[in-house]
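Written below as structure tokens is the structure these notes are about.
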Amino acid sequence: MQVDDLLLSERGPEHGSVLVERADVRGTLQRGTLALRLKDGRLSPEYLMEYLNSATARTLVAATTVSLMQGVMTRIAVERLREIPVPLVSISTFEDLDSVETELRAKADELSTLRRSLFEARDARAFREQLGELTRLGSMLSTSIESSGQLQFQISNAYPYPIAYGYRLLNSYAGPWERYLEQLRVAENMLAFLASLSLSILQKEDLAAAGIDIGKLWEGGVAFGSWKRVIEKCAGVFESYRNHPLASALAGLDIASGKRGFGADVNALISARNNLGHGREAFAEVAIRRASNEAQERLHRCMEALAFLIAFPIYQVQDMDLNDDGIRLDLKCLLYRGDHPGLEQRIVVSPRAEKKNRLFIDLGGATGLRQQRPK
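First residue of the sequence shown: 1, per UniProt numbering; consecutive thereafter.
What follows is the structure, encoded as structure tokens:
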């Protein structure tokens, strides 16, 4: 056996036992043990091991066993084992989740170590210092965990930068009139972003089916409502896409619905913008404040509906280098995430070269890093 082989008992899953273990050294395979060796670069040994130890996979593996010696023993039929379906998640997505879990465990271990060592302080001063550090770390972890479930925290730290930054700026407007104008601009930018995102993942051959003429779209500028129609037309085509989580999520917004949910809020914001732009309404200060509060509530609900975007990060290529495997490339990228213009830098492993300043979306699909660029 080799390092990173997955070891599986020939007898199959037994109650309460770990089904699959990972080899960490080279050696000779013991009798009664099967070695699973990955040949598909879309999976990592860690991911496959975690999946095969799940209740779902254990049931599937158990179904591959055949009886021997009149039912006294069972053995896995290797040919059936090869037919077990494995859900595909991009390696980068799985590694990110594993990294988060590792960091959380490290912080929890640090907190536990500080707590255990508290009463081993050599004097009163050291005791107070350790107690202060323990309190600080505990408070920080508690606040972070509580904040992670709040929409504003999620927007500030994980939403795509093109919509997160504008939403954050709303907090800087004290006057209701200026705030209202900015809210409507943020709403239009949100639709422009969603329309651009939709066009970037729409297959070129589906432009005609969607009824979108890119040339005409740009003539004379794109109006607020035109962005909505682009999203609607793309969503109609996306319903036919299979195994495309982002397309499904965009279609699931149901923006064409004008009476409920995301679509109703978008329609109301478009109407407010049109009324303001055409001077159809004259606002007293009380009315402006009321309109601003309503717009904020609608924007809040729209941003809640866009939480799925967290799973599809956007990168901009800055540079590239050859990966250690000598085949793939390490793309040095800016991660367009969060509401701060100081964008985080990331290394993204790619099977092909990309032009500098190119934008792409990590779709986390079955082929690993699937890249789509705004057309």
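Think of the CB as a built atom: it goes at the ideal place given N, C-alpha and C, for glycine as much as any other residue. All of these numbers come straight from a predicted model, not from anything done at the bench.
Using beta-carbon positions only, say whether residue i and residue j come within less than 8 Å of one another.
i, j, result
"Val-222", "Leu-299", "no"
"Leu-114", "Glu-133", "yes"
"Ala-210", "Gly-236", "yes"
"Lys-216", "Leu-191", "no"
"Val-328", "Val-348", "Sequence check: residue 328 is Arg here, not Val. Not closer than 8 Å, so no."
"Cys-302", "Phe-262", "yes"
"Ala-195", "Val-230", "yes"
"Ala-35", "Asp-5", "yes"
"Lys-259", "Val-317", "no"
"Gln-2", "Arg-58", "no"
"Leu-48", "Val-61", "no"
"Leu-184", "Leu-253", "no"
"Glu-354", "Leu-331", "yes"
"Phe-238", "Glu-188", "no"
Tell me the rounded alpha-carbon separation between residue i and residue j.
i, j, result
"Tyr-167", "Asp-319", "30 Å"
"Asn-53", "Pro-45", "12 Å"
"Ala-121", "Arg-136", "17 Å"
"Leu-74", "Thr-64", "The question names Leu, yet the displayed sequence has Thr at residue 74. Whole-angstrom Cα-Cα distance: 10 Å."
"residue 376", "Asp-96", "Only positions 1 to 375 of the chain appear in the structure, and residue 376 is not among them; the question remains open."
"Tyr-315", "Val-286", "43 Å"
"Trp-218", "Asp-321", "36 Å"
"Tyr-173", "Lys-204", "41 Å"
"Leu-181", "Val-89", "42 Å"
"Glu-110", "Arg-116", "10 Å"
"Tyr-336", "Glu-344", "8 Å"
"Phe-119", "Ile-255", "59 Å"
"Ser-226", "Ser-112", "56 Å"
"Glu-10", "Ala-158", "44 Å"
"Asp-40", "Asp-325", "15 Å"
"Lys-107", "Thr-56", "31 Å"
"Glu-232", "Ile-212", "11 Å"
"Ile-155", "Pro-351", "31 Å"
"Tyr-51", "Pro-85", "11 Å"
"Leu-250", "Leu-202", "11 Å"
"Thr-93", "Leu-43", "11 Å"
"Glu-297", "Tyr-241", "32 Å"
"Pro-176", "Ala-284", "11 Å"
"Arg-358", "Asp-123", "59 Å"
Mark residue i as exposed unless 16 or more other C-beta atoms lie within 10 angstroms of its C-beta, in which case mark it buried.
i, result
"Gly-338", "buried"
"residue 384", "Given a span of 1 to 375 for the chain in the structure shown, any question on residue 384 remains unanswerable."
"Ile-214", "exposed"
"Arg-179", "buried"
"Ser-139", "exposed"
"Asp-362", "buried"
"Pro-341", "exposed"
"Ala-295", "buried"
"Glu-79", "exposed"
"Gln-150", "exposed"
"Pro-313", "buried"
"Pro-160", "buried"
"His-15", "For His-15, the pLDDT reaches just 43, beneath the cut-off of 50, and the residue's location in the model is therefore unreliable, leaving the point undetermined."
"Asn-208", "In the sequence under discussion, the amino acid at residue 208 is Ala, which differs from the Asn named in the question. Exposed is the call here."
"Ser-198", "buried"
"Pro-87", "exposed"
Considering just the uninterrupted stretch of the alpha helix (DSSP H) at residue i, what are its terminal residues?
i, result
"Ala-350", "According to the sequence displayed, residue 350 carries Ser and not Ala. First-last for Ser-350: 344-350, but that is the beta strand (DSSP E), not the alpha helix (DSSP H)."
"Phe-193", "176-201"
"Ser-248", "245-252"
"Leu-299", "285-305"
"Ser-156", "151-158"
"Ala-164", "161-169"
"Ala-209", "207-210"
"Ile-361", "Careful: Ile-361 lies outside any alpha helix (DSSP H), inside the beta strand (DSSP E) at 359-361."
"Thr-59", "55-62"
"Leu-48", "45-52"
"Ala-235", "224-238"
"Leu-81", "78-81"
Output the boundary residues of the beta strand (DSSP E) element that contains residue i.
i, result
"Gln-130", "Segment 124-147 is the alpha helix (DSSP H) holding Gln-130; no beta strand (DSSP E) there."
"Ile-314", "314-322"
"Lys-332", "329-335"
"Leu-88", "Taken as a continuous stretch (DSSP letters only), Leu-88 belongs to no beta strand (DSSP E), as it is neither H nor E."
"Phe-262", "Premise fails: Phe-262 lies in the alpha helix (DSSP H), 261-277, not in any beta strand (DSSP E)."
"Leu-7", "6-9"
"Leu-217", "First-last for Leu-217: 214-218, but that is the alpha helix (DSSP H), not the beta strand (DSSP E)."
"Leu-34", "33-36"
Does any C-beta atom of chain B lie closer than 8 Å to the C-beta of residue i?
i, result
"Ala-35", "The structure shown contains no chain B; it holds only a single protein chain."
### Message
Check whether the region 123-132 and the region 270-277 touch, using three or more Cβ-Cβ pairs below 8 Å as the test.
### Response
Taking 8 Å as the limit for Cβ pairs, the verdict is that the region 270-277 does not touch the region 123-132.
### Message
Under 8 Å, with one C-beta from each stretch per pair, do the region 286-293 and the region 307-318 reach the 3-pair mark?
### Response
Too few Cβ pairs lie closer than 8 Å, so no.
### Query
Do the region 167-176 and the region 245-262 meet, that is, are 3 or more Cβ pairs less than 8 Å apart?
With contact defined as three or more Cβ pairs closer than 8 Å, the region 167-176 and the region 245-262 are not in contact.
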